[in-house]
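In terms of UniProt numbering, the sequence shown has 92 at position 92, counting the first letter as 1, and numbering is strictly consecutive.
Data block below; observations after.
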Amino acid sequence: MYFNIKPFAFLAITTALAPVASAVHYAGFSSTTSCSGSNFFCEDNGGICCSLPTGFGFSVEFDNLPAGTQGQGYTGSTCGDFLFSVFGPGTKCWNGGGARASHMNFFHSPQGRRSVLPVRADNATCAPSGFTYFDESGTEKMIKVPVGEAEAVGALHANKDFAGLASYAAY
Numbered sequence: 001m002y003f004n005i006k007p008f009a010f011l012a013i014t015t016a017l018a019p020v021a022s023a024v025h026y027a028g029f030s031s032t033t034s035c036s037g038s039n040f041f042c043e044d045n046g047g048i049c050c051s052l053p054t055g056f057g058f059s060v061e062f063d064n065l066p067a068g069t070q071g072q073g074y075t076g077s078t079c080g081d082f083l084f085s086v087f088g089p090g091t092k093c094w095n096g097g098g099a100r101a102s103h104m105n106f107f108h109s110p111q112g113r114r115s116v117l118p119v120r121a122d123n124a125t126c127a128p129s130g131f132t133y134f135d136e137s138g139t140e141k142m143i144k145v146p147v148g149e150a151e152a153v154g155a156l157h158a159n160k161d162f163a164g165l166a167s168y169a170a171y
């Protein structure tokens, strides 16, 4: 038996059968010019609104966005007031030149715009999962951010309280 499949049809079939994207790491930085330095980050499978504490979200990076996905940033108190979007594939950095994203998420584009998810009792829909910073010696550290403690971690960082930051579990 012989099948004559055109290259375009083969590409469409293999793309449709490709696995759904796995977790994406995306981060909000205090830097207004580039996606570098200390940051709060989230890692999820998409469609989750990640809240950023005060002082972060002036640039936002989405690492290895799969094709057919987009990363978005929002202002205000939820993922409702649209600010920007970037499209996969690849690693994408957005900076607003002073504008700040208070929330960020990514989703699979065929799903359409992400609907605002209600906050669960454990706040899992909106808390960053970790924080990356550089200690007094310039060594990069990653810590877990317990639910409800992102603002406290941000304050420790702003006060250069490296002992306080080191008291959190490593990521």
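Idealized CB from N, CA, C, for every residue including glycine.
query	result
Enumerate in chain order the residues of its own chain whose CB-to-CB distance from Thr-54 is below 8 angstroms, with the five nearest sequence positions on each side excluded.	Glu-151 and Gly-154
With C-beta atoms as the reference, is Ala-101 less than 8 angstroms away from Gly-28?	yes
When burial is assigned at 16 or more other CB atoms within 10 Å of the CB, is Arg-120 buried or exposed?	Here Arg-120 scores only 39 on pLDDT, less than 50, and its place in the model is too uncertain to base an answer on.
At a cut-off of 7 angstroms, would you count Cys-93 as near the ligand FMN, judging by its Cβ distance to the nearest heavy atom?	The ligand FMN is not among the ligands present in this structure, which contains no ligands whatsoever.
With distances taken between CB atoms, is the gap from Pro-57 to Thr-69 smaller than 8 angstroms?	Note on residue identity: the sequence assigns Gly, not Pro, to residue 57. Not a contact, by the Cβ cut-off of 8 angstroms.
How is the alpha helix (DSSP H) around Glu-151 delimited, first residue to last?	150-158
Does the separation of the CB atoms of His-25 and Asp-63 fall below 8 angstroms?	yes
What's the C-alpha gap between Ser-31 and Val-147?	24 angstroms
With a Cβ-Cβ cutoff of 8 angstroms, do Gly-130 and Ile-143 count as a contact?	yes
Report the option in Lys-160, Val-145 and Asn-159 whose CA atom is closest to the CA atom of Ala-170.	Val-145
Using the C-alpha atoms, what's the distance from Thr-132 back to Phe-162?	12 angstroms
For the alpha helix (DSSP H) holding Leu-165, just list the boundary residues, first then last.	162-166
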